[in-house]
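Reviewing the structure listed below.
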Amino acid sequence: MERGEGPGAGLGAALEAAQSRGAAEAVERALARYNEENRAIFRFDPADEDKRKKLCEEILNILEKDTKTSCQVACLEALRILSRDKTVLVPVTTKRNMQILMRLAKLDTVEDPLEKVSEFPVIVEALKCLCNIVFNSAVAQKLSLELNLAAMLCNLLKKCKDQQLVGDIKCFDLRLLFLLSLLHTDIRSQLRQELQGVQVLTQALESSLNVRWTEEYKAAEDRDRPPLSLQETDCAIEALKALFNVTLDSWNVHSKNESHQFRYMAAILRHCLLTMGPTEDKTEELHSNAINLLSNVPVSCLDVLISPSSQEETDIKYNGMNMGAIQVLLDFMEKRIDKGSSYREGLTPVLSLLTECCRTHRNIRKFIKAQVLPPLRDVSNRPEVGTTVRNKLVRLMTHVDLGVKQIAAEFLFVLCKERVDSLLKYTGYGNAAGLLAARGLLAGGRGDHWYSDDEDTDTEEYKSAKPNINLITGHLEEPMPNPMDEMTEEQKEYEAMKLVNMFDKLSRYRSIYKLLLGRAAYILVLCSSQRARASKQRYNQLHCRISISLQKRMLTTSRERVIFYRTSQEISSGED
């Protein structure tokens, strides 16, 4: 750039050329220069705001007239750049100007096919401008409903179905539908109820993924097929995002036709999960959006994610079912856990989806449990220590984000058939306490859903170690020395009475006034036995039982608590 020139110089020259009403070539050159200078600019100088507004008006005046294609493209590129700034959109967001852009995007022609390839760049740039304007202007969003923009976009999308060289048109058509369905609830309802948006968008997704059907709800699996191109991947992602908005609140399926439509969609999404994009990042983005959409599909329709496996298939199988898509979901979940950030946005959708699949579909639950919670053998480490999927999920059960730890705990609970004793075996009481307290299951039991009977999956290693496992931490601990072994009888009695007095003091302050009878009652019986001059044998037995209780359980569970006040009264009345 020469001295004295700056971003404002190109703006001034473009405005002067547009206002001069000169030759189209001069306007095109000035706008091309402005576009080149500002192609990557997203923040603009407030001092030039009036000039940018005037340039927008002049560009739309030029576009209203018939001019050659290259000039139209240059004008639309400049308008796209200018529309990144919300402050200049006031003169743009009028009914007249929106209709100009809709005409250039071929949205006003119902029957005419997309035949002139030379017009495709104009259509693409007009759609890009509409995307920016709709995204940045609430007025434009309202005008879109008034002008029936969604219906025109659906019609354009149908034209793209069987046409070649229209990938960019299709991609930005889908992006604009996504923005409209995201930003305007009335347009979302219109797409769902009047325009058959679910069917139209599903067909667009199917064509982007090049799905070939072998039977109902089952797509052909060609392991040698190349990855999707960048354009195909972008189209599929935009279709997935638009479908997500349109299918919100679709858990209740009331008709056979709706059920067929969602099962058809789930079959396409299964194919999507087994498809690779051009890069690893694009593949992850594609799968992430597919998982988000699967969360909107009614649970009863998710059985198509698994299918009977033929002998020719070498994919992951379980009970004769092809579990390839479920394995992709598990791998995706573990990858998101390993990222260590953005758990709420990145991890909770796939965890929620897997939880609902496991709750409803037995084969999916059994396959996932075999992957996540295999039979225990080594219990020397805490459940949250290690690199297995189980260790990672148990660590999430105590995450600072309430939503993350709830869904992680719920997932493991469902894998355990909502049985408390089974969950504690894999996680330990300490990690599971939050979930159990929220469900009112601290005392044990099981959840509300019915599951088939359990089979015994405990290994010999676990059975032999089970008596010595700490139920709180969930792992095998070294035997602790008994602190009472080296005490004299007088010291034991002193410690017992000291403990009794502490609990009695707490009960007087009504901190714990309603406690259940348990092993702690032995302490009081010990004291009363001593005062009543009980036999030496009974005295030692009581001491031994108290020692075991104090050592292993530390009087922490409800069964070890006692109504001290009432018991002390009984002891007093029984003394000599």
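Each residue of the sequence shown is one higher than the last, beginning at 627 in my numbering. Glycine residues also receive a C-beta, built at the ideal position from the N, C-alpha and C atoms.
Rounded to whole angstroms, LYS1092 and ASP1004 show a C-alpha spacing of 11 Å. ASN1096 carries a strand assignment under DSSP once its states are collapsed to helix, strand and coil.
When rounded, the separation of the alpha-carbon atoms in VAL792 and LEU956 is 35 Å.
CA-CA distance, CYS701 to LEU979, rounds to 46 Å. Under the three-state reduction of DSSP, GLU841 is assigned to strand. Straight through space, the alpha carbons of LEU689 and ALA845 are spaced by roughly 45 Å.
Under a 10 Å Cβ-count criterion, TYR1120 is classified as exposed, with fewer than 16 other Cβ atoms of the shown protein chains found around its own Cβ. Between THR695 and VAL748, the alpha-carbon positions lie close to 7 Å from each other. Beta-bridge analysis with DSSP links LYS943 to ASN948.
In this structure the stretch 1056-1073 does not lie against the stretch 967-979, because fewer than three pairs of beta carbons, one per stretch, are closer than 8 Å.
Closest in C-alpha terms to LYS965, from the list LYS1018, THR859, VAL930, comes LYS1018.
For THR693, the CB contacts under 6 Å within the same chain, skipping 5 residues up- and downstream, are ALA650 in chain order.
When C-alpha distances from LYS784 are compared across GLN887, GLN825, LEU1097, GLN819, the shortest belongs to GLN825.
Exposure of GLY1070 is indicated by the presence of fewer than 16 other C-beta atoms within 10 angstroms of its C-beta. Taking every protein chain shown into account, the CB of ASP860 has 16 or more other CB atoms within 10 angstroms, so this residue is buried. Note that the stretch 771-783 touches the stretch 800-819; at least 3 beta-carbon pairs, one per stretch, sit closer than 8 Å. ALA640 and VAL653 have their C-alpha atoms some 7 Å from each other. Between TYR890 and SER744, the alpha-carbon positions lie close to 36 Å from each other. In terms of CA proximity to GLU960, ALA1034 leads the group PHE761, ALA1034, ALA892.
Short of 8 Å from the beta carbon of ARG665, and not among the five residues preceding or following it, lie these beta carbons of its own chain, in chain order: ILE707.
Contact check for GLU703 and ALA644: beta-carbon distance about 13 Å, past the 8 Å limit, so the pair fails to qualify. A direct Cα-Cα distance of roughly 23 Å separates TYR969 from CYS898. When beta bridges are read from the DSSP output, HIS1101 appears opposite ASN1096. When only Cα atoms are considered, ALA656 and ARG647 end up about 13 Å apart. The continuous alpha helix (DSSP H) containing CYS780 extends over residues 775-786. The C-beta distance from ARG838 to VAL872 rounds to 25 Å, too long to meet the 8 Å contact threshold. C-alpha of LEU1041 to C-alpha of CYS780: approximately 42 Å in a straight line. Here the C-alpha atom of LYS742 lies approximately 16 Å from the C-alpha atom of LYS787. In the assembly as shown, PHE668 is an exposed residue. Its beta-carbon has fewer than 16 other beta-carbons within 10 Å. Annotated three-state conformation of SER855 is coil, per DSSP.
Between LEU874 and PRO924, the alpha-carbon positions lie close to 11 Å from each other. DSSP places MET891 inside the alpha helix (DSSP H), whose first and last residues are 882-899.
Linking THR1085 to ALA996 through their CA atoms gives a straight-line distance of about 14 Å. Secondary structure at ARG1003: coil, using DSSP grouped into helix, strand and coil. If you look at SER807, you'll find it in the alpha helix (DSSP H) that goes 793-809.
Within the same chain, and ignoring the five residues on either side of LEU727 in sequence, the residues whose Cβ sits closer than 6 Å to its Cβ are ALA752, CYS755, LEU756.
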